[in-house]
Structures are given as C-alpha cells and as structure tokens.
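Taken in sequence, the protein lines are chains A and B. Just so we're aligned: 204 in the working numbering is position 189 of the first sequence, and the numbers increase by one with no gaps anywhere. Just so we're aligned: 436 in the working numbering is position 435 of the second sequence, and the numbers increase by one with no gaps anywhere.
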Amino acid sequence: MLEVKNLSVSINGRKILDCLDLTVRDGEVAALMGPNGSGKSTLSHVIAGRKDYTVETGEIVLNGESLLDLEPDVRAAKGLFLAFQYPIEIPGVATLTFLKASLNAQRKRRGQEELSTPDFMKRVKAVASKLKINQDMLKRALNVGFSGGEKKRMDILQMALLEPSFAILDETDSGLDIDALRVVAQGVNALRAPGRGFLVITHYQRLLDYVVPDSVHVMAHGRIVRSGGKELAVELEKSGYRDFNAEPAVA
Amino acid sequence: MSADIIQARTPAESLLASTFDESKARLPGNACVAKWREDAFKVFTASGLPHRRIETWHYTDLRSLMREALPVAAAPGAAILSSLRKEFAADGAGAARLVLVDGFFVPELSSGLPEGIQVRSLASVLTDGRSDLLALLASQDLGQDLGARDTIVALNAALMQDGVVIEVAPGTVIAEPLHLIHVAASPVPAAHFSRSALILGAGASIRLSESCHAVYRPGTVPASHANACLILSLGDGARLTHTAMVTGTVADSVRIETLVARLGAGVKFDSFALVSGIGLVRRQLFVRFEGSGAEARLSGVSLLGGREHADTTLFVDHAAPACVSRETYKYILDEEATGVFQGKIHVAPSAQKTDGKMLSRAVLLSDRAAMNNKPELEIFADDVVCGHGATCGGLDADQLFYLQTRGLTLPEAEALLLEAFAGELIDGLGHDGLINTFRCEVKAWLSSRPKALMPPAPAGAIA
C-alpha cells in the first residue's frame, strides 16, 4: 500500500506539490490524470527518490515504511518501481549486463541469492518473448537507438523481472502506437496481483481502456482535486480538464 | 631596453648535466652517435627541462614538477634476472615477448619470436652504425617535423642506454600480439632512458602490445624516472595495431613516452593507451602521414586519482593527401588529479582530401580534479574535413537516477557508467585477449577508488 500524506514539494522555491494526499491499496490500480504541469511527473519522481526537489511537508509511506529518508536504490529494494516517461539511454552498458546487475542488486538487498547466468537468461527470455522483445535488443546498449515503443517495453520488462510490490507508470502510453500500447497494457495486466498496487499516470483515457483502473484521481495545481471510479476517466475524455485548470481563487 | 632571461639550473638539470658528462664515454655508439649525443645534449641544455613558458609543455611544467633527477639505472644484476626468469617462465611461455629491464634489452627473457621478425638491441645498432637504422632512430632529433627539437626527445638521445630495434620483413602477417614489456627492477630510485624502433616492411601486419611490469610488490616499488622513445616506420600498405598499458608506478615517478610514427601510403595504424595508477605521465605522439590514403586511429583512456598527472600531447602531421586521422581520448579524474590533452593537427597545402576528427572527453569526479584541453588545427589545404571537440563534466544525473531506481547503489551506478565510458574505446581493439586485459585493469581501478562518493549510511543502520 502506498500512502502519500500532506505532501508539499518545491523546486528552486517554486511550489509544485501542495498538501497532496493519495492512497493506493494493495491490488489496486489507481489512475492519475490531469493537465500538463499539474505535478504528476514530479510526484512520481519524488516517490522514487529524485533529489532535485525539496520536500517541505508530509510523508510517503510504502507498506508501512516511510520512504523519504531512503536512497532511490533502497526504495527499489523495498519494492518500488518507476517506469519512466522517457527511459534513459545508457551508452556502453549492454542491456543484459544491466538487467543482471539490477536484478541481483535487488535480490542481494532482499536477502535472496543471486541468480546464476542460466537461471537469469531463462527468466529474461520468458518475459522478453511476451513483450515481443527480441534477443538482438537485449544485446544492444540499454535503450540506445531504441524506438519510443521499444524503450517503454524495455521498462515493462524490467518491471516484470524485478517484481515490485508497487509500480508507478509515468505516461507509459505517450509516444506509443496502438499495437505497442496493447503489448504494454498486456504486460501490465499480467502483473496485476492482489499484493501489488499500481499508480498509472496518463493524459488520456485510451490506456485505461486496456488497463482498467479501480480508481481515478484528477490532479491540478499540485493536489488531488477529484477522485472517483473508472467512469471519471470517460467523463474527462469528454469534458477535458477546463474545469480544473483555473487557478484557485486567492482569498 | 631588452634583457635576456637566463634561468638558473635546477638541481635536476645540474644532475642531468653531470650525469651526461660522466657517462657519455660509456654510453653505447660509434663516433657519429657520440656526436649526435653531444648535439642533442646541447639542445637540452639550451632550454633545460621543459616548463610552462614552452607552449607544448605549458600544462606539464616539468621544471617545477620534477625537482630532482635520479641516478641512471645500471644494467640489471644476475639476481634480478634470475627471479624475472622464473616469473616469465610461469606466465604464458608461448607468447612472443621482448623484455626491457630498466631500459636494457634482455634477450634471455625474451621468447617466441615468429618468423619474419628480427630483433637487435639498440646498443648494438648504435655501435654497428648501420646508416639506415641510425637515420631512422635520429629522425625526430634531426628532422624538421612538428615537435622536432623537443628537449625531452633530445635528452633521450643524449642518454639513451638501450632498447630494441625490431625489423619485420615485408608481407609478414602475425595475428597474435608481440609483447614489449618494460620492467622496473632497480631496487633503488633510478632513471632510465630507452629508445626503440619498429620497422614494418611493406604489407606487413602485426600487433605490438606494450606493458609495464614491476618486480616489487605494490607499495614497495621505488620511484623511477623513465624517458622512453619508440620510433615506428610503417611501409606502404602495412598495418600496425599498437596498444600500451601504462600502469603501476608510484606517486613520485615520472614517465615520459615519445612515440614517433611515419606512415607510408595506405597504412592502417591504430594506437591505444591505458594510463592508470601512475605518478606523472606524459605521452607525446608525433604521427606523420608521408604517403596517401593512410589511416591512423589514436585513442586512449586515462584513469587518475590522488595527485596523479597525465598528459597526452599529439602532433598529427598530414603531409600527404587523402589520409584519415581519428583521435579520441578519454579521462576519468578523481580527487586532485590533473588531466592534459593537447592535440595539434597540421594539414599541409598538398594534403587535400584530409579527413581528421579529434575528440577529448573528461569525466571529473571531484571538485578538485582539473582537466586542460587544447585542440589546435592548422589547415593549409582547402579541400579537407577536419573537426575537434572537447567535453568536461560530471556523470549524468538522469542516468545515475535511472540506475538507482533499478536497485543499483550510487557507487555501483557510477562504476557501471564509468566502466562503460572507458570500455567503449577498449571494445574496439579487436582482440579478445587484449580487450579482456584492459577491461580488467579498468575494473580493478574502479573497485580501488576511494568510496568518498558513497552516500552516508542512514542513521541507525547496522554495519
């Protein structure tokens, strides 16, 4: 379970998140929607442990443990995963080398044994084929020269291998064609489980046709301004965000 | 009014002068060589050790960095040779190997020379006086090329004790590397001056792999001042892949390497160097395209920490048309290390269709590390493609964050990125054994880095 309580965050003195509250229960898929600049990506990065931001008030609790003082890698070992809006290219690091380093680093932290190379390969191949990722891609440098769709599938592959207890998908649908969207959505749906929560950040309802959420939250001006069921996404698709875009009246 | 500034000799310069006076009668060579040495030493004394007011040595002020000179090493004794014999017998007897101990060629430690390769000691060549070999050996001292009259090359000519002269017959093709091993064996701090040459006949193709080897355990190696010169003459259509592992000396050591390469038509010449775990290193490369259609790829990685100082200075002279040169040098600088990259590309009026690209990239891991870049292009032809670039910076924060969110600790993420940064050039060497050797050296350096960048342990963490 992820609990964000009264979270206020600023960067260079500019407030981005403003007393934000959000709870996502185990097994729940929560969609986070909202106009550009409402702070959705900031929220995902702050949860994952990015240090560029100043947390002014509040706390972030994952499965009963406070995350704010922990390094990003410790948060990952505690079960948190962030699929990036723009997965980062890492020249010179072979994808397989990276996957193995990452998986074994987390296993070590969790007190599990490191995987042998054959066991690791077996696992990667099984997941890769489901996501239509070929062997050639795994041998290339991580995300370098990958298309937008390939990068997103690579992030989902990592999520499947790392088996987090909570995953944030930051605009995973952006830049995807309809076929790639379906592959990614199937990858996400395959990982839905009673013990695993998801926060799915998106601008559009389209992704939510494939990954059907349990709850939908609308974010504007750094806080959640409306919450509801999956029908809220349909309503937003029709009405747009104009009702939420106005600056709050200054008293 | 004008004033001549006459600099007082430093203690190092005085000792070098007395060393030359005392030893010149004993240094190998016929009368011509003795004259060459005298002339070279005059060049050296005229300006002394290079200092910051000498343009090409601006960032490596040897006058202040090398306060003292060390006595010249004696030829290795029997005890050292016998222990080295055991060591070399233990590792890979099959490899083709030439061994220089404190600058002296030791044929009995060398082995496995393939057919088509002939080797002589420099001392014997200087004494026999074969005119073509002497002309090649002295070309950098007497010629008019870029960087001629470099005082360090002159000092090397004056005091050169020994080295190897390797001749490869035309058309000889050997895939496995010929190893040239520089052993530091003197039990006391010592200086050595060596000069070697490799003459590759037309169409010949070999790999030359240079490395350093210390007799003493790390931490107990005596300081050394090495001044080594390697002269390459590559005949038309020849191919040479040269690698150099410059490692394993101590903090107050000085190593100056000069590489002179003359490339015939259609030559392919690659030269890669890894510099790590050194005191002060200056590598200066003088590469001259003398025939058309040749290609040279010069590259290197320097891994520096502590107060180490590594300088790579290139003089690439395009004197013939349609040649390609690529220069790519990378530096990783930690603590108070200093990196220097100077690259001068000269394109002669006749060298049309020249294609030259030079790049230096530095990653600075500490606020106190410094990098000096000085690219220079001098182009006198009008139909050429030439460019240069230089970057300095820290590791990419987005890449580090991405790797951390996947579970790697900050030091692990840094090591992965640094290994990738350094490894890119190594992977291009095209020989699995060499790739593995260089990769291991990079890994060893990364794992020995002080862990100053480790985030502080969270309060209450159990050690």
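Glycine included, C-beta positions come from ideal geometry on N, C-alpha and C.
Query, Result
"Can you tell me whether Leu-146/A is helix, strand or coil according to DSSP?", "coil"
"What ranges does the alpha helix (DSSP H) occupy inside the segment 79 to 159 of chain A, keeping only unbroken runs of at least 4 residues that lie completely in it?", "87 to 92, 110 to 124, 132 to 145 and 150 to 154"
"At what residues does the alpha helix (DSSP H) containing Ile-81/B begin and finish?", "79 to 91"
"If you draw a straight line from the C-alpha of Ile-436/B to the C-alpha of Leu-153/A, how long is it?", "21 Å"
"Excluding five sequence neighbours on each side, which residues of the same chain lie with their C-beta closer than 6 Å to the C-beta of Leu-114/B?", "Ala-97"
"How many Å lie between Val-70/A and Tyr-332/B at the Cα?", "36 Å"
"Looking only at its chain, what residues have a beta carbon closer than 7 Å to the beta carbon of Arg-473/B, apart from the 5 residues adjacent to it on each side?", "One cannot answer for residue 473/B here, as it falls past the ends of chain B, which runs 2 to 464."
"Residues of the segment 175 to 187 of chain A with a CB closer than 8 Å to any CB of chain B: list them in chain order, please.", "Leu-177"
"Can you tell me which of the three DSSP states Val-189/B falls into?", "coil"
"So, for Gly-388/B: in the same chain, excluding its five sequence neighbours on each side, which residues have a beta-carbon less than 7 Å away from its beta-carbon?", "Lys-358"
"For the candidate residues Gln-162/B, Ile-118/B and Ala-155/B, whose alpha-carbon lies nearest to that of Gly-172/B?", "Ile-118/B"
"Do you know whose CA, among Leu-101/B, Arg-327/B, Ala-192/B and Leu-85/B, lies nearest Glu-69/B's CA?", "Ala-192/B"
"Tyr-332/B versus chain A: which residues are under 7 Å apart at the beta carbon?", "Per Cβ cutoff of 7 Å: no residues; Tyr-332/B is ~16 Å from chain A at best."
"With distances taken from CA atoms, which of Thr-242/B, Asp-383/B, Ala-423/B and Leu-135/B is nearest Tyr-330/B?", "Ala-423/B"
"Would you check if the segment 241 to 261 of chain B and the segment 276 to 289 of chain B touch, i.e. whether three or more CB-CB distances between them fall below 8 Å?", "yes"
"Between the segment 38 to 53 of chain A and the segment 157 to 167 of chain A, can you find at least three pairs of beta-carbon atoms closer than 8 Å?", "no"
"Considering only residues of the same chain and omitting the five flanking positions on each side of Ala-124/B, which have a CB-CB separation below 7 Å?", "Pro-29 and Asp-163"
"Indicate whether at least one CB of chain B lies closer than 8 Å to the CB of Asp-88/A.", "yes"
"Which partner residues does Leu-360/B have in the DSSP bridge list?", "Thr-329/B and Gly-390/B"
"Whose C-alpha, out of Asp-312/B, Ser-303/B, Gly-265/B and Val-276/B, is nearest the C-alpha of Arg-289/B?", "Gly-265/B"
"Residues of chain B with CB closer than 7 Å to the CB of Ala-63/A, please, in chain order.", "Thr-406"
"With DSSP run on the structure shown, which of helix, strand or coil describes Phe-439/B?", "helix"
"Less than 8 Å between CB atoms is the rule here; does Val-108/A satisfy it with respect to chain B?", "yes"
"Taking the alpha-carbon positions, what's the Ser-254/A to Ser-25/A distance?", "30 Å"
"Give me the chain B residues within the contact set of Phe-161/A, using Cβ-Cβ distance strictly less than 9 Å, ordered along the chain.", "Chain B residues near Phe-161/A: none, gap ~14 Å exceeds 9 Å."
"Cβ of Gly-202/A within 8 Å of Cβ of Ala-175/A?", "yes"
"Could you check how far apart the C-beta atoms of Ile-216/A and Leu-47/A are, in whole angstroms? I think they sit under 8 Å.", "5 Å"
"Less than 8 Å between the C-beta atoms of Gly-130/B and Ser-195/B, yes or no?", "no"
"What distance in whole Å lies between the Cβ atoms of Leu-199/B and Leu-233/B, which are believed to be in contact at a cut-off of 8 Å?", "5 Å"
"Alpha carbon to alpha carbon, how far is Gln-141/B from Gly-249/B? Give it in angstroms, no decimals.", "28 Å"
"What does DSSP give as the partner residues of His-243/B in its beta bridges?", "Leu-209/B and Ser-272/B"
"How long is the line joining the alpha carbons of Ser-434/B and Arg-29/A, rounded to whole angstroms?", "Per the sequence presented here, residue 434/B reads as Gly, with Ser not at that position. Going from the Cα of Gly-434/B to the Cα of Arg-29/A covers about 55 Å."
"Whole angstroms is fine: what's the gap from Lys-20/A's alpha carbon to Glu-80/A's?", "13 Å"
"Please report the Cβ distance between Ser-303/B and Val-317/B, rounded to the nearest whole angstrom; I am assuming they are in contact, meaning their Cβ atoms lie under 8 Å.", "Actually they do not touch by this definition, with Cβ atoms about 19 Å apart."
"Locate the alpha helix (DSSP H) running through Gln-162/B, then write down its first and last residues.", "That residue, Gln-162/B, is in no alpha helix (DSSP H); it is neither H nor E in DSSP."
"Report buried or exposed for Ala-204/A, applying the criterion of at least 16 other Cβ atoms within 10 angstroms of its Cβ.", "For clarity, residue 204/A is Asn in the given sequence; the question names Ala instead. Exposed, since its Cβ has fewer than 16 Cβ neighbours within 10 Å."
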